[in-house]
Amino acid sequence: MAPPAPPQISTRAHRDVKIVVLMGATGTGKSRLSIDLATRYFPSSEIINCDKIQLYKGLDITTNKIPPHERRGVVHHLLGEFEAELSAAEYRSLASAVITDVVSRRKVPLLVGGSNSFIHALLAERFDPHYDPFPGSGSGSISSSLRYTCCFLWVDVSVPVLNEYLLKRVDDMLKSGMFEELESYFTSPASLSAAGINRAIGVPEFEPYFRKYPRTIEDDDDAAGERIECCARAVKAIKENTCQLAKRQMGKILRLREAGWDLKRLDATETFRAVMAEETAADGAWERDVVEPSVKIVKRFLADE
1 MAPPAPPQIS TRAHRDVKIV VLMGATGTGK SRLSIDLATR YFPSSEIINC DKIQLYKGLD
61 ITTNKIPPHE RRGVVHHLLG EFEAELSAAE YRSLASAVIT DVVSRRKVPL LVGGSNSFIH
121 ALLAERFDPH YDPFPGSGSG SISSSLRYTC CFLWVDVSVP VLNEYLLKRV DDMLKSGMFE
181 ELESYFTSPA SLSAAGINRA IGVPEFEPYF RKYPRTIEDD DDAAGERIEC CARAVKAIKE
241 NTCQLAKRQM GKILRLREAG WDLKRLDATE TFRAVMAEET AADGAWERDV VEPSVKIVKR
301 FLADE
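Next comes the structure, spelled out in structure tokens:
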């Protein structure tokens, strides 16, 4: 159960506290980079989730949460912990408390996620819970003054390459059990009450299908053709909405950079090209273009260089 939203409008800065922030559109490899950094170079790190949908319990495949075995023992905070929907103000309060705890144990907080509105809510010194800094018109005001001393790592991939990868990722998620996970979800009481998780891409797109066809497709089903078409429409919508989400996230990142946030861009395009071509060069490109520059940036940041 989430605590009530704090009535804060501004918070005294904690600029002596250092945070590493991993940003990027959905699917760009933020979680992979966070684990690489935490396990190979900065073992005192703990990860704080800043993906607003991954805050909620359930639908781990659909929401693309990093599986426990891929976390490799790295502590994750605010990941799959909540049922009630959280506001940006509530996230600011919760994540601030986690940062205080992590730093008190002489650990390095790694803030990881693509929800830029929540990143802004947490890090901006001036915060108004009733004001949207990212309105559709693009006329919002973004605070350039931050509460913490931040090292921003922005993992970026060219739009055509990322879109191609995101389409494949949806197919891979379906092969990994996304359809069955959603089928189970829609037959449970949770689908009627879990407001937060209901906004995950995949839930609204598949809802018409599972409300109409609550059973798994069977070979002898007279309506199998119609059901397959309905399922295909849902998958198409998921792919389109995922690409649109990435586009919106990129737009917000550019707005933050224009407002003066010092974002260090890491171009992972060659890695993703290699992944899509199923080339062995993918891992080498990731190390060269993403991991190695990140390590240098973070080491300088932590050493006050």
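Sequential numbering of the sequence shown, starting at 1, is according to UniProt numbering.
Backbone N, C-alpha and C define an ideal beta-carbon position, used for all residues, glycine too.
Being a predicted model, the structure only gives us computed values, none of them experimental.
Listed in chain order, the non-local C-beta contacts of Leu123 below 7 Å within the same chain comprise Leu146, Arg147, Tyr148 and Cys150, local neighbours out to five positions each way being set aside. When the Cα atoms are used, Ile253 and Val161 turn out to be separated by approximately 18 Å. The alpha-carbon separation between Ser34 and Ile238 amounts to approximately 26 Å.
Secondary structure of Ile47 (DSSP, three-state): strand.
Within the same chain, no residue comes within 8 Å of Arg105 by CB-CB distance, once the 5 residues on both sides are set aside.
For the set Met178, Pro214 and Ile197, the Cα lying nearest the Cα of Phe186 is the one of Pro214. Boundaries for Pro109: no alpha helix (DSSP H) harbours it, while the beta strand (DSSP E) harbouring it runs Val108 to Val112, taken from the DSSP string. Here the region 267-284 does not lie against the region 197-210, with fewer than 3 beta-carbon pairs under 8 Å apart. Note on Glu226: under 16 other CB atoms within 10 angstroms of its CB, so exposed under the neighbour-count rule. The C-beta separation of Ala200 from Leu59 comes to about 6 Å, placing the pair in contact by the 8 Å criterion. Looking at the DSSP output, Val155 sits in a beta bridge with Leu266. Nearest neighbour of Ile119 by Cα position, chosen from Pro68, Val20, Ile228 and Val75, turns out to be Val20. Cys230 has its alpha-carbon roughly 32 Å from the corresponding atom of Ser31. Exposure of Ser176 is indicated by the presence of fewer than 16 other C-beta atoms within 10 angstroms of its C-beta.
Looking at the DSSP output, Tyr213 shares a beta bridge with no other residue. If you look at Arg147, you'll find it isn't in any beta strand (DSSP E); DSSP assigns it neither H nor E. Taking a C-beta distance under 7 Å as the contact criterion, Asp36 and Val291 qualify as a contact pair. 7 Å or more divides the Cβ of Thr63 from the Cβ of Ile47. Comparing C-alpha distances from Pro133 to each of Glu287, Val295, Leu256 and Asp267 shows the shortest one belongs to Leu256.
For His14, the enclosing beta strand (DSSP E) begins and ends at His14 to Met23. Apart from the 5 residues on each side of it in sequence, Pro293 sits with its Cβ closer than 7 Å to the Cβ of Leu266 in its chain, given in chain order. Ranked by how close their Cα comes to the Cα of Leu86, the residues Asn241, Leu302, Arg288 and Asn198 have Asn198 in first place.
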